[in-house]
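Under our numbering, the first residue of the sequence shown carries the number 34, and numbering increases by one thereafter. The beta-carbon is built from N, C-alpha and C at its ideal position, and this holds for glycine as well. Here the structure is a predicted model, which means the values were calculated and not measured.
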Amino acid sequence: MKRALDARIDREEIVALKLRSIQARRFILNLGARHRIRLHYGAMTSVVDILTLLYDRWLTLDPARPGWESRDRFVLSKGHAAPALYVTLCQAGFFPASEFDGFRRLGSRLQGHPDRCKTPGVDCTTGSLGQGFPVACGMALSAALERAPWKAYTCISDGECNEGSTWEAALIAANLRLDRLVVLVDVNGKSSYGRMEGRNGVEPLADKWRAFRWRTFECDGHDFVSLSRALAEAETTQKEPAVVLCRTVKGKGIPWAERNDARSNYLLKDAHCAEALASLNAQEEELRRGGS
């Protein structure tokens, strides 16, 4: 399963992944519209393709046994993107879609941030930026000490690279040579209040990770071939942790959000939601007709 996709050989599988991502984005839009709540649409939609690839063909998992000891661990360090993870876990078979009926309500297993004590498939409770990545480092160290077959993966944001704990964890992982750790950075160039450039910019990210002695790879975070190739290269690293910088678009799949520097957390207007759903429906129709 953990191999790079080939655009010629794996065309059907790539189309299936694209359709699954479209379905996930549509589900997120309908979820927000149905509950009439503010969501971090930008943070969620930029990682949909990353999560889809991980859970559809990369991570070693068993949805029937969420606590299986030999599973790969995944930490969504950018915990405010939790609904994207929930939708992906649902698609993978960890729980039924009916769980979303109580989304973010008292007693629900699907709250605003991931909770490992409540939600099947969630390996780490996250929320505050910079919190999940250090936990993933601990998981990777545990796997190394126990000579376990699994690896730890975590998705962080470029905005999260402003947190001191992120770079402390990066130093520790490099010093301990944690080659059972793969970090995927959602690099969309924006944080809570708009563009990071000129305000809280973190570029050049690749140079910084290399300076911290990480094997560093870059890819298009919305292209399954590019993303799978970078992950496949990251898997080959030995005695070094690996980081994949995934270049993404914040608000991917929501044309209004893609065009505007919207804040991260907002109530999507009916017109913008309808525009996005129409765009996703058109993309799906094109794919089913044989497009790419």
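At least 7 Å separates the beta-carbon of Pro153 from that of Pro116.
The three-state secondary structure of Leu122, taken from DSSP, is helix.
In the DSSP annotation of this structure, the continuous segment of the alpha helix (DSSP H) that includes Val48 starts and ends at Arg44 to His68. DSSP places Phe257 within a helical segment (H, G or I) once states are collapsed to three. Rounded to the nearest angstrom, the Cβ distance from Glu46 to Leu38 is 7 Å, consistent with a contact under 8 Å. Secondary structure in the segment 224 to 274: the alpha helix (DSSP H) runs of 4 residues or longer, each lying completely within the stretch, are 238 to 244 and 257 to 268 in chain order.
Comparing alpha-carbon positions, the option among Leu84, Trp200, Leu94 and Ile205 lying closest to Glu273 turns out to be Ile205. Inclusion of Val218 and Ala169 in the CB contact set at 7 Å is not warranted, their separation being larger than that value.
DSSP places Arg90 within a helical segment (H, G or I) once states are collapsed to three.
Look at Cys150 here: in three-state DSSP terms it is coil, with no helix or strand label. DSSP places Arg321 within a helical segment (H, G or I) once states are collapsed to three. For the 7 Å CB-CB criterion, Gly145 and Ser297 do not form a contact.
Minimum Cα-Cα distance from Arg149 among the listed residues Arg59, Asp303 and Ser110 corresponds to Ser110.
In terms of CA proximity to Arg59, Ala307 leads the group Ala307, Lys151 and Arg104.
Arg106 has Ala185 as its beta-bridge partners, per DSSP. In the pairwise beta carbon analysis, the segment 121 to 131 is classified as not touching the segment 170 to 182: fewer than three pairs are separated by under 8 Å. Of the other Cβ atoms in all chains shown, fewer than 16 fall within 10 Å of the Cβ of Trp101; this residue is therefore exposed. It is roughly 12 Å from the alpha-carbon of Tyr88 to the alpha-carbon of Arg104. With a threshold of 16 other beta carbon atoms within 10 Å, Lys184 meets it and is buried. The segment 152 to 180 is shown to contain whole alpha helix (DSSP H) runs of 4 or more residues at 165 to 179, in chain order. Within the same chain, Cβ atoms closer than 7 Å to the Cβ of Val235 are found at Asp191, Cys194, Asn195 and Met229, the five residues on either side in sequence being excluded.
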